[in-house]
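Residue numbers (the UniProt record's numbering): 1 to 329.
Here's the structure, in structure tokens; my notes come after.
And the structure:
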């Protein structure tokens, strides 16, 4: 009714009793035709009746009760939960946060800053995809498990900082950690996006073995090598005025990243600048999608205040008439 539903619709049954109460009230009033007084002086000192207003009193009382009943029934609008079928994929964003990600070959930003910016833009383009975030360097750690709570993922991306984990590049460990998050996901399409700027030099898990294991779970890995070609200013320690940079050769194990991607049906991309990295995420955004079932929630808007205020207004009007118009009891 008018886009409303009720939290306690059984309370509305009380409205059917109001006409009975009204008739009983009128009958009761009709039976009170005389009022005995011991002396005429008492009557003269009492309130003067105003019969024109007396007839409104039962109506106002009935409206007040009706307003309270409607408020108790908890009218509300908008809220429902329904299952909808939509296209979505499960995506594990796996990001290198080793010290080399501070290299400043993506001027005026370093690799880490550009990676955060492009990751956030990628997440903002999701609608029904479940997204998780895994950070790695010499070890790997899940920052956010698979979720559609995108503000949480965006906040976690903002908090990605070099130095949060032991330094190094453990690509195999990162793949195994992300695959463990994806392997039991309900979606038929599972994707891992692995972003790194170096060579595998840490961890006990071989990247190729981890990729083969991920492939058996139907996980497709897209690898991204981040960094320009040739030399790049890379942090090598701290000096008096902050990080000290030296030009070092950019080393990305492209054959390994290509093999990891191809063994799982994915692709390898090379991002030499910020624009290229953005274009890569746009290509990944065109991945094959599968239908998933999601539950859509719409929050209730409570409407009980209006009937409650209406009932209180009717009650106040009745009390005002009784007080100001001098209605006899």
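Ideal Cβ positions, reconstructed from N, Cα and C, are used throughout, including at glycine.
Check, Outcome
"Pick from 148, 274, 141 that is closest to residue 104, judged by C-alpha positions", "274"
"Buried/exposed call for residue 329, threshold 16 Cβ in 10 Å", "Reliability of the predicted coordinates at residue 329 is poor, the pLDDT of 48 falling under 50, and the value obtained from them is presented with this limitation in mind. Exposed, because fewer than 16 other Cβ atoms sit within 10 Å of the Cβ of residue 329."
"Neighbour-count burial assignment, residue 231, 16 or more Cβ in a 10 Å radius", "exposed"
"Counterpart residues of residue 195 in DSSP-defined beta bridges", "95, 224"
"For residue 143, the three-state DSSP class (helix, strand or coil)", "strand"
"Endpoints, alpha helix (DSSP H) assigned at residue 114", "111–124"
"Residues near residue 4 in its chain [Cβ-Cβ closer than 6 Å; skip 5 each side]", "75, 77"
"Close-in-space but distant-in-sequence residues of the same chain around residue 126 (CB under 7 Å, 5 per side omitted)", "150"
"Counted within 10 angstroms of its Cβ, other Cβ atoms place residue 16 as buried (16 or more) or exposed", "exposed"
"Other residues of its chain near residue 203: CB distance less than 6 Å, five sequence neighbours each side excluded", "170, 172, 173"
"Continuous alpha helix (DSSP H) stretch holding residue 153: start and end", "150–158"
"Residue 318 burial status per 10 Å Cβ neighbour count (16 or more: buried)", "buried"
"Backbone secondary structure at residue 284 - three-state DSSP", "helix"
"Residue(s) in a DSSP beta bridge with residue 90", "130, 190"
"Neighbourhood of residue 215 by C-beta distance below 7 Å, restricted to the same chain and skipping five residues each side", "263, 264"
"Residue 195 versus residue 97: straight-line alpha-carbon distance, rounded", "9 Å"
"Within 8 Å, strictly: CB atoms of residue 136 and residue 182", "no"
"Alpha carbon of residue 154 to alpha carbon of residue 118, nearest angstrom", "11 Å"
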